[in-house]
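For the sequence shown, position 96 (counting from the first letter as 1) is numbered 115 according to my numbering, and the numbering increases by one without interruption. By construction, the Cβ of each residue, glycine as well, lies at the ideal position given by its N, Cα and C atoms.
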Amino acid sequence: MTREQNLERLLKLRRMRMTLSENALLLQNRARRQAESGVHAALQDIAQHDSMWRAEEQAAIDQMALQPLSSQALAQEREKMDALARQADELKQAEQTAEHILATEMQRQQEKLGEHRRKLREHDKVLLMAQKDLEQRHRQAAMQSELEEEEQMALRSASDSGRRVRK
Numbered sequence: 020m021t022r023e024q025n026l027e028r029l030l031k032l033r034r035m036r037m038t039l040s041e042n043a044l045l046l047q048n049r050a051r052r053q054a055e056s057g058v059h060a061a062l063q064d065i066a067q068h069d070s071m072w073r074a075e076e077q078a079a080i081d082q083m084a085l086q087p088l089s090s091q092a093l094a095q096e097r098e099k100m101d102a103l104a105r106q107a108d109e110l111k112q113a114e115q116t117a118e119h120i121l122a123t124e125m126q127r128q129q130e131k132l133g134e135h136r137r138k139l140r141e142h143d144k145v146l147l148m149a150q151k152d153l154e155q156r157h158r159q160a161a162m163q164s165e166l167e168e169e170e171q172m173a174l175r176s177a178s179d180s181g182r183r184v185r186k
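In structure tokens:
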């Protein structure tokens, strides 16, 4: 294979790698956005739960203010509040998990971005080499053409001089 063919083949391979890198980066962006959505959903769930919990507490307090509760009703209210507290803990744990996933996906995205930039630089280097090689070939062709022109002119001059001398 000639240098030109090797450069063209290398450029084609680098383009393929760059395309794969771009696709990986797009997939990673999607994964990060999904992780962000997970965090957002977890925060909404917590806010909704907190609002419901406050409403339940207020309803229980309002009911107790109207009339005293039996020990059985009080135990039921405690169980309800304990269940709400456990649910709040679970939701906070889900939020922490979502935050951890988001941090991981953001780190992966940075890695993919760095990898993509590296592949882009590699592609650009090969492209620059190919351009320089093409420019060199054009210069050589121009020099060859100029040399041939000069030789033709020299031959014409020599033949014109020979004709004049014979006359």
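Residue state for Q82 is assigned as helix, using DSSP reduced to three classes. Under a 10 Å Cβ-count criterion, K138 is classified as buried, with 16 or more other Cβ atoms of the shown protein chains found around its own Cβ. Between the segment 111 to 122 and the segment 69 to 86, the count of Cβ pairs shorter than 8 angstroms is below three; the stretches do not touch.
Between the beta-carbon of E76 and that of M37 there is about 58 angstroms, and that puts the pair past the 8 angstroms contact cut.
S164 sits in a helix when the DSSP states are folded into three classes.
Secondary structure at M20: coil, using DSSP grouped into helix, strand and coil. Rounded to whole angstroms, M20 and L30 show a C-alpha spacing of 15 angstroms. If you ignore the 5 residues before and after M125, its C-beta comes within less than 7 angstroms of the C-beta of R51, all in its own chain and listed in chain order. Cα atoms of S164 and L146: separation of roughly 27 angstroms, rounded to the nearest angstrom. Along the length of the segment 66 to 112, whole alpha helix (DSSP H) runs at least 4 residues long do not occur. Buried is the label assigned to S40, since at least 16 other Cβ atoms lie within 10 Å of its Cβ.
Contact between L26 and D152 holds: CB atoms are separated by about 6 angstroms, below the 8 angstroms threshold. Put simply, of T116, D64, Q106, R28 the residue whose alpha carbon is nearest the alpha carbon of A54 is T116.
Taking the Cα positions, H119 is about 40 angstroms away from D81.
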